[in-house]
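Take a look at the structure below.
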Amino acid sequence: MHDNKPSSHQHQRPARLRPLCAALLLGLGGLACAGASAKVVISQVYGGGGNSGATLKNDFIELFNAGSDTVNLSGWTVHYASSTGNTWNNKTTLGALSLPPGQYLLIQEGAGTGGSQDLPTPDATGEILMSATNGKVALTNANVTLSGTNPSNAALVDIISYGASTPTEGAPTNALTNTTAAQRLGGGCTDTGNNQADFTLVAPAPRNMSREPSPCNGAPAPGPSPSPSPSPSSVSIHTIQGSGATSPLVGHTVTTRGVVTKLLNNGFFMQEPDADSDPATSEGILVFTSTVPTVVVGQLVQLTGVVDEYNVGAAGNALTAAHTVTELKTITSLSVLASGQSIAPTVITFPQATNDDLERVEGMLVTIDTELTASQNYFLGRYGQITLSANGRLHKATNLHRPGSVDARQVDQDNARRRIILDDGSSLQNPNPTPYFSADNTQRAGDTTPSVTGVIDYGLATASNTGLADYRIHPTEAVVFTRAHPRTDAPADVGGNVKVASFNVLNYFNGNGLGAGFPTSRGATTLAEFNRQRAKIIAAIKAIDADVLGLMEIENDGTGAQSAVVDLVNGLNAAMGAGTYAVVPDPATGTGSDEIKVAMIYKPGKLTRVGSSVSDTASIHNRPPLAQTFSAPNGEKFTLLVNHFKSKGCGDDGGVDADQGDGQGCYNGRRLLQAQALRGFITNLQAAQADSDVMVIGDLNAYAKEDPVHEFTSNGFVDLSERFNGPGDYSYVFDGEVGYLDHALATASLSSQTTGVHHWHINADEPTVIDYNTEFKQPACAACGPDYYTATPYRSSDHDPVVIGLNLIKHVDGSAGRDTITGTAGDDLINGGEGADTITTGTGRDVLVYGSVRDGLDTITDFTPGSDRLDLGALLASIGVQPGQALAQGVVKLVSTSAGVQVQIDTDGSAGPAAARPLALLRGMTAAQLQPARDLGL
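Residues -34 to -1, 1 to 904 (mature numbering (1 follows the signal peptide of the UniProt record, and there is no 0)) are what the sequence shown spells out, left to right.
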């Protein structure tokens, strides 16, 4: 559970670009190119820090404000690429820094092992190790991803190439050395657009913000900002908002007026009734009162307050620092001038043209005249918000495309333009009642609304003030959702004769197994909570009804009488019948030292374990994979491996385990090694079982196109989810984007026996407020929303289970002569061939194949209608008859005899002269007992 409500304060405008970008951005209404008033350049670059012969210990990059206005550098980023490289993954993002005119800013980068002197106190630090001779450095006004040897990006502000590097801005500078830096001429003021002409090589001389400013126009450095005017001036809202990145009047006391459009619990929005002609300046603004406001919607009010730019996130959150909210605070006077006023909503559509298009309507009343889909409802019960998106659901880029690819980056950019947060207009936590719920006490992701009218704001998208933030809308009219993505009572039919499933059961911990031992370290905090969790998990597994089920996130406490996995099986058998499920014993090599493990349960009435379970003991696995070979009643075998790879959550590890910025999260390097180790383990299993039929299931904590999954699919394994459902399949929602972490990967031989795959969407699309937890709900919290818990599968976990159908059929073939054929106890495909055969199918669901009119005169001793079936498809095709017409045309006839029902074939039908001949005698049957469609495929 999370304790911090995303703030109701929010907003800011995009930082401006250099004059060079004007031609590139012509017509892109969401951004503007700046003139000389805002011109930050790279003024010095040095890459020899700590090298042999160097005096300084560190590399550095120096910036300089060559313009006439102070520039907010929050979120600005410096990037480095090798001399001819096209990847710019080495970068340093700046925090909350402002750079006055004529001021330098020093960014300390990576250190070598030599050098004797530290840099002057840096204003920012990074870890980039730059070449001492040849390389490229770029500056952007946002934390973007650059690509190409000479990148082109709307956020690009300045770029320099030095030495034998790809030219980026004119010709490169001369090559640097361990004792020389490239320094911009004119103290940083020279900028002809040609690196060779603008820079000279000098001994490194790093300058930081403590240096006396030297503005380029020769004017004296600006003094401290004046105190707010003691006599407030009357200013329109669009003047307060301005068209720049921040209000031009920050810190000033102003008097303004507007019509109240939306009340919050700690402020309100108001809008200028007389709009100006500039679409870049918003007519609305947030008024922060800190307490419940006394005004009402529709009042025209005049007030006096201080202009402020409010950062809704942490100081180091570059995203929120780049989107501060223009607001009025410290309200000293407020008067109501009129009532009953109205503001017509400004109509806008989605997707936005650019990420920051909504900045121009910050604080304004708008109607989004586009159908929007609920993409995430995780925070609905806690914070009253839903992530909405245009053009359907948002998909995780690396679920569709390889990480770092152009296509993946395009998906990320498109998602940002399609997304907005629907808020409830309050900063109160656990709203009562829970907003946007339908009559069935839920709101499912995938539901749609035709339009939304409300006030545009900016806020946190998650519970973390360092995490994702986005524009949001506070509705002023009821939002009506259509249940476009309804619940289902059970998974879709995946076919086959063996059903496999995989289910992450979200920290199933049963205390000490005797009703005590709560709170647990990861799961339920009380016995009552555990019983609620247990009921949901059992309801879900009962509905799945798998023959074998792999489990993740179950307590790692063995398989004794009080263990979590035995407790679960006991509950299932109480609900489904004694002996329905049994636990696959833990392997002799153990289940690892993690608090959670993977486990497996199966139906001994459907499958038989072949040998003991085994685990991959490679040290790279913190939760060892579990493998077990099973045999169907007909003797057909397959091996199942249950896995739970290292999570994406970041720790203190660096190197390949750090977030590489390619969308795969932290520890991707470790997950790739786990996948590689598992492939080697599988090879050994196949050799030991002399069988190639292997399936890998579980939570791999990697989306479909990420490296760990690619390790399998590029080496002969088939992604069954993609094969059956396409690339849009999903089992998990994170930051409003869907994808599948829960996989079914099969060898080619087992893929050919797979009949279907289904992610049952009982969890990812449901809000957390309906789960088993009792915190932040009534009655534990009297002021909170109701307890919507039901003992149903929905929101039993955070991952959707995946269900797979296998058709494990035994092929039994006769000869051209007279045979006596006996099937197995399982499902068989029996082809007696020519000759009068006597066939006993055995138990199971058996298919008897007839491919030619020469087949026949068979006696089937134990045909069971509704279970066994004659397949006449190939035979009828050989004489040009459609199965659906065979009975009507008299080509197939059912004749009752004293011995049973005889299936006859008449090749020219009732109208022809040829006589019918017996094909098969179903001993003991009558024609009335047969259903032709079911039992004969007719």
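In this text, a Cβ means the ideal position worked out from N, Cα and C, and glycines have one as well.
In this structure, DSSP gives R449 a state outside helix and strand, which the three-state scheme calls coil. Relative to D623, the option among H610, V608, Y349 and L639 whose CA is nearest is L639. Taken atom to atom, the span from the alpha-carbon of N357 to that of L39 is near 34 angstroms.
DSSP links V302 through a beta bridge to V267. Here M566 carries a strand assignment [DSSP, helix/strand/coil].
The beta carbon of V332 sits closer than 8 angstroms to those of P311, T312, V313, I314, T419, G420, V421, I422 and I439, all from its chain and outside the five residues before and after it, given in chain order. Contact between the stretch 707 to 723 and the stretch 764 to 775 is present: three or more C-beta pairs spanning the two stretches fall below 8 angstroms. With a cutoff of 8 angstroms on beta-carbon distance, I567 and E519 are scored as not near each other. For R348, the closest alpha carbon among the candidates T827, V735, D618 and L515 is that of V735. Secondary structure of G153 (DSSP, three-state): helix. The residues L887, L888, R889, G890 and M891, in chain order, have a CB closer than 6 angstroms to that of G866 in the same chain once the five nearest residues on each side in sequence are set aside. Per DSSP, R820 has no beta-bridge partner at all. Around the beta carbon of S355, 16 or more other beta carbons lie within 10 angstroms, which makes this residue buried. Take the alpha-carbon of I586 and the one of A643: they are about 8 angstroms apart. Sorting E732, S131, D821 and V262 by C-alpha distance to the C-alpha of G780 places D821 at the top. Under the three-state reduction of DSSP, M542 is assigned to helix.
Collapsing the DSSP output to three states places Q10 in a strand. Out of T486, N107, V861 and G81, the CA that lies nearest to the CA of N119 is found in N107. For D378, the enclosing alpha helix (DSSP H) starts and ends at V372 to R384. Under a 10 Å Cβ-count criterion, S131 is classified as buried, with 16 or more other Cβ atoms of the shown protein chains found around its own Cβ.
Residue state for P884 is assigned as strand, using DSSP reduced to three classes. Shown here, R835 sits in a strand according to DSSP, grouped into three states. Here G577 carries a strand assignment [DSSP, helix/strand/coil]. Annotation: V258 is outside any alpha helix (DSSP H) and is labelled neither H nor E by DSSP. Using a C-beta cut-off of 8 angstroms, the stretch 324 to 340 makes no contact with the stretch 368 to 382, since fewer than three inter-stretch Cβ pairs fall below that distance. Around the beta-carbon of C155, 16 or more other beta-carbon atoms lie within 10 Å, marking it buried. Three or more beta-carbon pairs separated by less than 8 angstroms are not found between the stretch 241 to 254 and the stretch 9 to 22, which leaves the two stretches without contact.
Here A541 is actually not in contact with A456; their C-beta atoms are around 15 angstroms apart, not less than 8 angstroms.
Contact between A598 and V464 holds: their C-beta atoms lie close to 6 angstroms from each other, under 8 angstroms. Remark: C-beta atoms of L860 and V847 do not approach each other more closely than 8 angstroms.
In this structure, the straight-line span from the alpha carbon of E677 to that of N52 is close to 25 angstroms. Judged by DSSP secondary structure, I206 falls within the alpha helix (DSSP H) whose first and last residues are I203 to Q207. One thing to note: A20 has its Cβ within 8 angstroms of the Cβ of N144.
Contact between P317 and R384 holds, with the beta-carbon distance rounding to 4 angstroms and staying under 8 angstroms.
Within the model, the alpha-carbon separation for S578 versus I387 is close to 51 angstroms.
Three or more Cβ pairs drawn from the stretch 477 to 490 and the stretch 525 to 534 lie within less than 8 angstroms of each other, which places the two stretches in contact.
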